[in-house]
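Participant: Heads up: the sequence shown begins at -7 in our numbering, then just goes up one per residue.
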Amino acid sequence: MKAVLVVADGLGGRPTDWSGQTCLEAAATPHMDALAARGALGLVDPIGPGVRPGSDTAHLSLLGYDPHVVYTGRGVFECLGVDMDVRPGDICFRANLATVLDTDHGLRVADRRAGRIETGHDELEKALNGIRLKRTPDIEVIFRASTQHRGALILRGPGLSTHVTEADSHRVDALLLDVCPTDSDPASARTAAAINDFTRLSYEVLHDLPLNRRRLAAGKPPANIVLVRGASTRPNLPSIESIYGVRGAVIAGGALYRGVALTCGMKPIDVPGATGGLDTDLMAKARAAVGVLDRLDYVFVHVKGTDNAGHDRNATAKLQFIERMDAELIGPIVSGIDHGSTHLAITGDHTTPIDYGDHTVEPVPIVYAGPNVVCDRTSAFGEREAGRGGLGRWSGRVLPILFGYCNWAPKYGS
Ligand code: ZN
Ligand code: ZN
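Given below as structure tokens:
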């Protein structure tokens, strides 16, 4: 048996998306509709009914873990997602390269994403990794740039804590925030001091970098500071292989999803052209996914464009991405797999409606297809059809159910 899980981030929608229909319902999706016709549909509450999911917690839940138990914060997934070595005791953060203005009142945030900077990441990394903290010289700072303004940061040293506030206020024109401890543990005060020093020093080493002088000359916002958030340690969870005895891989352009999957023990497959955006090379991802199944038991494919379009409140972009996903990802996967021995599941990790522009609590549609799936009476993949699907409605655990169809589920009890 082989298994394929496709998660389209923020796939779910609302009738306000597209004159009474969701983007998924309005999109032409012949391949997913054919899977619905020969498989079974249901609705999944990614974490639980009424819980508004983050992407990280939703993915843990879809993969079979209880995020209320194992989730330690987002930063560690960003660090693992860019292949940083995360050790016990390390405090991990997600980091934004941002633009600040030096004003009479202090540093003021002008652009939280430094104009979505596309080049010069090596130069920024080199400057930031040269930073030595003066008040806490026994704490090492390790920075790695990811895509555009995104990056990850590790604080390594004795006596650190995750109990600190965030440096990023998420507001433009705000003065830079001081990070504060959120409890009375001396480790939290020490961590807050280290982050505040790092943030100030990041401005000192970056603001006059040749890269930023070039950006200013070209009228682009300089990447002159690093803002961190999502303090977390490495979560302690059993690998998928240790639970089910099967080995698999992840194909994801976004560092977060790659990081979550690596934490669960999946092998990362890097596909050139997989950007984690609307422009991602879906056909390359499909080829890679089919190729993985020659040597491993399962593959998890993540696409992010659906969620990006939802956050951008762009219904046309979401609908077109869903149509492209159907034609360029699902179609080639379906024609590349062996139908007698492969089970497939397609779902989202939450709903990202166009009007709201962020994640909401509604359940997401799911389709399972394969030789062991009892077919229901649905014939199209969408929210309304999923509500009539034979599988009903449940919470999380999409991967364990997929593995159950493959006869890989361990028995609970005797
Ligand atoms: Zn998501
Ligand atoms: Zn999102």
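Cβ coordinates follow ideal geometry from the N, Cα and C atoms, glycine included.
Going by C-alpha distance, which of Pro214, Asp9 and Ala281 is nearest arginine 108?
Facilitator: Residue Pro214 is the option with its Cα nearest to arginine 108.
Participant: Let me confirm a value: alanine 20 is counted as buried when at least 16 other C-beta atoms fall within 10 Å, else exposed. Which label applies?
Facilitator: By the neighbour-count rule (16 or more Cβ atoms within 10 Å), alanine 20 is not buried but exposed.
Participant: Would you say the beta carbon of alanine 408 comes nearer than 7 Å to a heavy atom of ligand 1?
Facilitator: As shown, the chain starts at -7 and ends at 406. That puts residue 408 outside it, with no answer to give.
Participant: When you compare only the Cα positions, how much space is there between tyrosine 63 and glutamine 312?
Facilitator: Between tyrosine 63 and glutamine 312, the C-alpha separation is close to 33 Å.
Participant: To the nearest angstrom, report how far apart isoleucine 410 and cysteine 367 are at their CA atoms.
Facilitator: Any question about residue 410 goes unanswered here, given that the chain covers just -7 to 406.
Participant: Do valine 133 and leucine 152 have their CB atoms nearer than 8 Å?
Facilitator: No, they are not a contact pair.
Participant: Thinking C-beta only, is cysteine 398 closer than 8 Å to histidine 335?
Facilitator: Cβ distance < 8 Å, so histidine 335 and cysteine 398 count as in contact.
Participant: Are the region 155 to 165 and the region 183 to 200 touching by the rule of at least three beta carbon pairs closer than 8 Å?
Facilitator: The region 155 to 165 is in contact with the region 183 to 200.
Participant: Examine ligand 1 and report whether any of its heavy atoms sits within less than 7 Å of the Cβ of serine 176.
Facilitator: Incorrect: serine 176 has no Cβ contact closer than 7 Å to ligand 1.
Participant: Under 8 Å between the Cβ atoms of serine 231 and isoleucine 123?
Facilitator: No. Outside cutoff.
Participant: Applying the criterion that 16 or more other CB atoms from any shown protein chain within 10 Å of the CB defines a buried residue, is histidine 113 buried or exposed?
Facilitator: Flag for histidine 113 reads buried.
Participant: Leaving out the 5 sequence neighbours to the left and right, which residues in its chain are closer than 7 Å to valine 74 when beta-carbon positions are compared?
Facilitator: If we look at valine 74 and ignore the five residues flanking it on each side, its Cβ neighbours are Arg136, Ser138, Ala144 and Ala247.
Participant: Decide yes or no for the touch test of the region 372 to 384 against the region 352 to 359: beta carbon pairs closer than 8 Å, at least 3 of them.
Facilitator: A contact exists between the region 372 to 384 and the region 352 to 359.
Participant: Give the secondary structure of isoleucine 123 by DSSP, where H, G and I count as helix, E and B as strand, and everything else as coil.
Facilitator: Three-state DSSP puts isoleucine 123 in coil, outside helix and strand.
Participant: For glycine 2, is the beta carbon positioned less than 7 Å from some heavy atom of ligand 2?
Facilitator: Yes, since a heavy atom of ligand 2 falls inside the 7 Å radius drawn around the Cβ of glycine 2.
Participant: Please tell me whether, using a cut-off of 7 Å, the distance from the CB of threonine 344 to the nearest non-hydrogen atom of ligand 2 is below it.
Facilitator: Threonine 344 Cβ: within cutoff of ligand 2.
Participant: Can you tell me the Cβ-Cβ gap for valine 293 and alanine 281, rounded? I've got them flagged as a contact below 8 Å.
Facilitator: Going by Cβ atoms, the distance from valine 293 to alanine 281 rounds to 5 Å, so yes, they are a contact pair.
Participant: Considering only the alpha carbon of each residue, which of Arg6, Met24, Arg226 and Cys256 lies closest to glycine 81?
Facilitator: Glycine 81 has its Cα closest to that of Arg226, out of Arg6, Met24, Arg226 and Cys256.
Participant: Give every residue of the same chain whose Cβ lies closer than 6 Å to the Cβ of tyrosine 236, excluding the five residues on either side of it in the sequence, and list them in chain order.
Facilitator: Result list for tyrosine 236: Phe395 and Trp400, in chain order.
Participant: Rounded to whole angstroms, how far is the Cβ of alanine 87 from the Cβ of leucine 219, which I believe are closer than 8 Å?
Facilitator: About 7 Å separates the two Cβ atoms, so the contact holds.
Participant: Within the same chain, show all residues whose beta-carbon is closer than 6 Å to that of glycine 328, passing over the 5 residues directly before and after it, in chain order.
Facilitator: Within the same chain, glycine 328 has close Cβ partners Val282.
Participant: Rounded to whole angstroms, what's the CA-CA distance from leucine 72 to glutamate 117? Just pull it up for me.
Facilitator: Roughly 17 Å separates the two Cα atoms.
Participant: Hey, is the region 92 to 101 in contact with the region 248 to 256, meaning 3+ C-beta pairs nearer than 8 Å?
Facilitator: No, they do not touch.
Participant: By a C-beta neighbour count over all protein chains shown, 10 Å radius and 16 as the cutoff for buried, is serine 47 buried or exposed?
Facilitator: Looking at its Cβ environment, which holds 16 or more other Cβ atoms inside 10 Å, serine 47 is buried.
Participant: Going by C-alpha to C-alpha distance, which of Val326, Tyr290 and His351 sits closest to alanine -5?
Facilitator: Closest by alpha carbon: Tyr290.
Participant: What whole-angstrom Cβ distance do glycine 302 and proline 345 have, given they're in contact under 8 Å?
Facilitator: 7 Å between Cβ atoms; contact.
Participant: Among Leu229, Ser234 and Leu99, which residue has its Cα nearest to the Cα of aspartate 170?
Facilitator: When each option's Cα is compared against that of aspartate 170, the closest is Leu99.
Participant: Could you tell me whether any non-hydrogen atom of ligand 1 is closer than 7 Å to the CB of serine 47?
Facilitator: Serine 47 Cβ: within cutoff of ligand 1.
Participant: Could you name the residues of the same chain whose beta carbon sits closer than 6 Å to that of arginine 207, not counting the 5 residues immediately before and after it, in chain order?
Facilitator: The answer, listed in chain order, is Pro214.
Participant: Is it the case that the region 383 to 394 contacts the region 49 to 58, given that we only count it when at least three CB pairs across the two stretches are under 8 Å?
Facilitator: Short answer: they touch.
Participant: Does glutamate 132 come out as helix, strand or coil in the three-state DSSP assignment?
Facilitator: Glutamate 132: strand per DSSP, three-state reduction.
Participant: Let me check you understand the geometry: is the CB of histidine 141 closer than 7 Å to at least one non-hydrogen atom of ligand 2?
Facilitator: Histidine 141: no, Cβ never under 7 Å from ligand 2.
Participant: Report the start-end ranges of each alpha helix (DSSP H) in the region 348 to 401 that is 4 residues or longer and not cut off at the edges.
Facilitator: Taking only runs of at least 4 residues, the alpha helix (DSSP H) segments lying wholly in the region 348 to 401 are 375 to 379 and 390 to 397.
Participant: Looking at asparagine 300: is its Cβ nearer than 8 Å to the Cβ of leucine 274?
Facilitator: It is not a contact, given that the beta carbons lie outside the stated cut-off.
Participant: Is it true that the CB of lysine 296 sits closer than 8 Å to the CB of cysteine 15?
Facilitator: Taking 8 Å as the Cβ cut-off, cysteine 15 and lysine 296 do not qualify as a contacting pair.
Participant: Do proline 45 and histidine 342 have their C-beta atoms within less than 8 Å of each other?
Facilitator: It is a contact, given that the beta carbons lie within the stated cut-off.
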